[in-house]
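Sequences listed follow chains A and B, in order. According to our numbering, the residues represented by the first sequence are 1 to 511, in order. According to our numbering, the residues represented by the second sequence are 1001 to 1331, in order. Below is one structure, written out as structure tokens; the observations come after it.
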Amino acid sequence: MNESPLLELKGITREYSGYKALDNVDFTLHSGEVHVLFGENGAGKSTLISIIAGAVKANSGQIRFKGQTLKLSSVHHARKLGISAVFQEFSLIPELTVEENIFLGVEETRYGCLNRTAMHDRATRVLARLGFQLRPDASTAFLSRAEQQMVEIAKAFRDDLSILILDEPTASLTERETKDLFSLVNHVKSQHVGIIYITHRMNEIRQIGDRITILRDGKFIDTVKANTPDNELVRMMTGKAIDQIFPAIRFKPEKEVLKIRNLSTTDKSVIDASINVRRGEIVGIAGLVGSGKSEIARSCFGLIPKIAAEITFNGEEISQLSPKEILDRGMFYIPADRREEGLMMMRSARENIALPALTTPSFSSGIVLKRMAEQIQVKKLSAIFNLQPSNTELDAGLFSGGNQQKIMLAKCQSRQVDLFIFDEPTVGVDVGTRTAIYKFIRDLCEQSGAAVLLISSDLPEILHLTHRVYVMCGGSITAELESDEIVEKNILKHFFRDGSFMLTNYEHTLN
Amino acid sequence: MSKTIYFLKLALIRLGVLPFLLLIAVAIFTVLSDNFLTGRNLVNVARQSTYLTLVSMGQMFALLTGGFDLSVGTILALTSVVGATSMAMAYAAMPDSVMLSIFIGILAGGAAGTMIGVVNGIGISLLNVSPFMMSLGMASVGFGLALYLTGGTPVYGMPIEYGDIFGFGTIYGLPVPIAITLVLIVILYFILNWTRLGRYFYAVGGNIKAARLSGINTKLTLFSAYVLCGLMAAFAGLLMTARLDTGEANIGATMPLESIAACVIAGVSLRGGIGRLENVVFGALFIGLVQNGMNLARIESYLQIVVIGVLLILAVVADQLRLRLVATMRN
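And the structure:
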């Protein structure tokens, strides 16, 4: 590529009250390439794309777009120039139809009235051009996550597009939807659009990336070709080698803690599943989105109504108990979504950490809280997890994603627990925190002899940490694998009902 | 100069809008009326504000859990009517047992008012009715009942001692309504800050799903919030009945608005999870202060209602500005 780049950023710096989110970063994007931005949380990826999309202004540095110096005044301005971003959080209004969403804010009018026919025609054309199987008059509320993303992308394609920014677009897509998205990206590429793509997933970089720019702590590290080896990329991103991330774990399985027999939920998300977990082992549940891997734990914890089941925990039948009663017996479920289910964002870290343990004697006597003891206990816990900043009186919402996750972990350490259920414990967490979380899980298993159930969509996590794995598909358990059997190929094989056929497809997309 | 502004901004962020509003109100009314800043008048303000203070504290519990209670006014009315009627009946039946009839009246009135809270709590926690619809519906039920019981006329015939003690009496020079309110403030402060239940109110309003996963009985917590709210409004109703010496079905109509206003001015979040009891007390005092000041300044009573509405909106706007300040200071 020797033609002049589509977009060129030079020496971009963005400061937030003394803290440099971006420090002298360079970035170039050519038309028809997929340029991956790679880095830990807080490395500055979001700030960089916000600057390119016109949402944030740089303190210093230069932006050249199609060879000319550019000063973006707003997102609207960037859109007019053909620079569009699809962020993780969608900006769709569920009550409106697809076409109404596509033209939101730039409705076409005739004599001051909405020109519905013109918009309908244009929306139909845009969707057809992109090859999306969506009806323009469909209601957005009933679309799947992938389809909603299509609408977001169609929005970007409403006007002539030169730069498309995708911020972790596959985070909540199933494999099939991901595949569709990738073929779309390739299609867009062929139309000379430059694509900036943010992802944490290695295999995605291999599949669609052309070049990779690595950021660390707001600094530009390097721009490399997409075929750079994994451990090289991880080393550049973290400053650490890959085998330093996963700790070695010694398993000493003891007596059975949890036994689930024939669990089915009323919403059919889990069908006739049976699993068991012993002390001193880490049991994984792997599966795609919608396989029921999370639901099995949630219904076991009393969150999803079940039809029939025999659930014994420490020898006691618990299938009819409430979450509170189950927690009191020593099972702790750590949810995947911190914001939605995990933390009270506007309350202090201290209150969050102490919340599950307020009934225990170390935090209260009778109905009266021991506030001094609480403060001391919480300080101790937050020190164990090296919470940053260490002030536990700060609102949980003010901590970074990784530190919020530490608050979640401190929560489950505030009282005696026999079985920990981690639901996607490292979603949206940087590698540093990730390593700390894995060490924590190892210590739970090795030192405290606790039982751990690990539900994860992150295959390396399952491969490196677990002692036994259940693979789920369509609500049923399709396989149970132990120690040496736990390899990528074995797990993938059971991700799909019609194993062989789909596997070849999956591997095809992998390569 | 810029330093002064900086400290003002910092104070606004730390303390919220309420201290500023209080200072401004005191300054304005001191200029408008000579009688305003006198000890006697300020005790007067405190006494007049007790009813709103009690209701606002109750309202705060509902707001903390992420809901609100529009039926607090009706609770006042129903408590007043039922309390006065049963007290008068008991007194007529046994003219010699004054204290017993007062006791019966208080119990009956308190129970009637609290019942509204109980029904609210059941609807909201168990039946998942939205707090808006549930308390709006109960407001109509309660008001209708109060009117039905009295035929719309005031209830007379309570022993004089009731009004003498709970309306006009003093303990060590302190008006009884103020004394009772102070005791209740202390009790509620204790519940909110030093008991599990108090913490659970914040937790349920902060994130009800996280609270559930942390092993909290969220339904029971929600239920308790509305019962406590009803109980506080019932206390206010009983004290107001003593002051008026009659049972009235048409008192408390402005209470829902004023109590929510007092809470919001005091920084209680309408989304739940945030708010401090001491600020709510000052919020209620502030509204009482403004009403008293406007009376002294001879502002027409209908116009006063306008002012309260404007104040509520201004407080919310000021709070939004404060949030924006917080955001810019952080950058």
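The C-beta atom is built at its ideal place from N, Cα and C for all residues, glycine as well. None of these values were measured; they are calculated from a predicted model.
By the Cβ neighbour-count rule, R1040 of chain B is exposed, with fewer than 16 other Cβ atoms within 10 Å of its own. Look at H494 of chain A here: in three-state DSSP terms it is coil, with no helix or strand label.
Here DSSP, grouped into helix, strand and coil, assigns S1049 of chain B to helix. Judged by DSSP secondary structure, G194 of chain A falls within the beta strand (DSSP E) whose first and last residues are G194 to I198. N1207 of chain B and D230 of chain A have their C-alpha atoms some 39 Å from each other. With a threshold of 16 other beta carbon atoms within 10 Å, H467 of chain A meets it and is buried.
Chain A has no Cβ within less than 8 Å of the Cβ of L1063 of chain B.
DSSP places Q62 of chain A inside the beta strand (DSSP E), whose first and last residues are S60 to F65. L134 of chain A sits in coil when the DSSP states are folded into three classes, being neither helix nor strand. The contact set of K1209 of chain B on chain A, defined by CB atoms closer than 7 Å, consists of E340 and E341 in chain order.
Chain order gives the chain A residues near S1214 of chain B as L327, L355, P356 and K411, where near means a beta carbon separation below 8 Å. According to DSSP, residue pairing for G54 of chain A in a beta bridge does not occur. As a beta-bridge residue in DSSP terms, L164 of chain A pairs with A:S84 and A:I195. When rounded, the separation of the alpha-carbon atoms in Y1091 of chain B and G1157 of chain B is 8 Å. Judged by pairs of C-beta atoms under 8 Å, the stretch 487-497 of chain A does not touch the stretch 299-309 of chain A, as fewer than three such pairs exist. Residue state for Y1156 of chain B is assigned as coil, using DSSP reduced to three classes. In this structure, DSSP gives E95 of chain A a state outside helix and strand, which the three-state scheme calls coil.
Within chain A, no C-beta atom comes nearer than 9 Å to that of R1040 of chain B; the closest sits roughly 40 Å away. According to the DSSP assignment, H35 of chain A belongs to the beta strand (DSSP E) that extends over V34 to F38. Around the beta carbon of Y1162 of chain B, 16 or more other beta carbons sit within 10 angstroms, so the residue counts as buried. V1268 of chain B sits in coil when the DSSP states are folded into three classes, being neither helix nor strand. The alpha carbon of F1286 of chain B has as its nearest neighbour, out of B:V1017, B:Y1189 and B:Y1006, the alpha carbon of B:V1017. The bridge partners DSSP lists for A451 of chain A are A:L419. By alpha-carbon distance to R1047 of chain B, the top candidate from B:V1310, B:I1274, B:R1298 and B:A1242 is B:A1242.
Around the C-beta of H187 of chain A, fewer than 16 other C-beta atoms lie within 10 Å, and the residue is accordingly described as exposed. Taking the Cβ atoms as the reference, Q405 of chain A lies roughly 7 Å from I437 of chain A, within the contact range of under 8 Å. Around the Cβ of K411 of chain A, a 10 Å sphere holds 16 or more other Cβ atoms; the residue is buried. Annotation for A273 of chain A: the continuous beta strand (DSSP E) segment containing it runs A273 to R278.
For R371 of chain A, at least one C-beta of chain B is nearer than 8 Å to its own C-beta. DSSP, read as helix, strand or coil, puts N262 of chain A in strand. Within chain B, the residues R1196 and G1215 have their CB atoms less than 8 Å from the CB of T359 of chain A, given in chain order.
Around the beta carbon of Q1320 of chain B, fewer than 16 other beta carbons sit within 10 angstroms, so the residue counts as exposed. Beta bridge pairing from DSSP links S139 of chain A with A:T97.
For I1274 of chain B, the chain A residues whose C-beta falls within less than 7 Å of its own C-beta are M346, listed in chain order. Between R371 of chain A and A349 of chain A, the alpha-carbon positions lie close to 14 Å from each other. Sequence-distant Cβ neighbours of T47 of chain A in its own chain, meaning closer than 8 Å and more than five residues away, are R14, A21, L22, V56 and G218.
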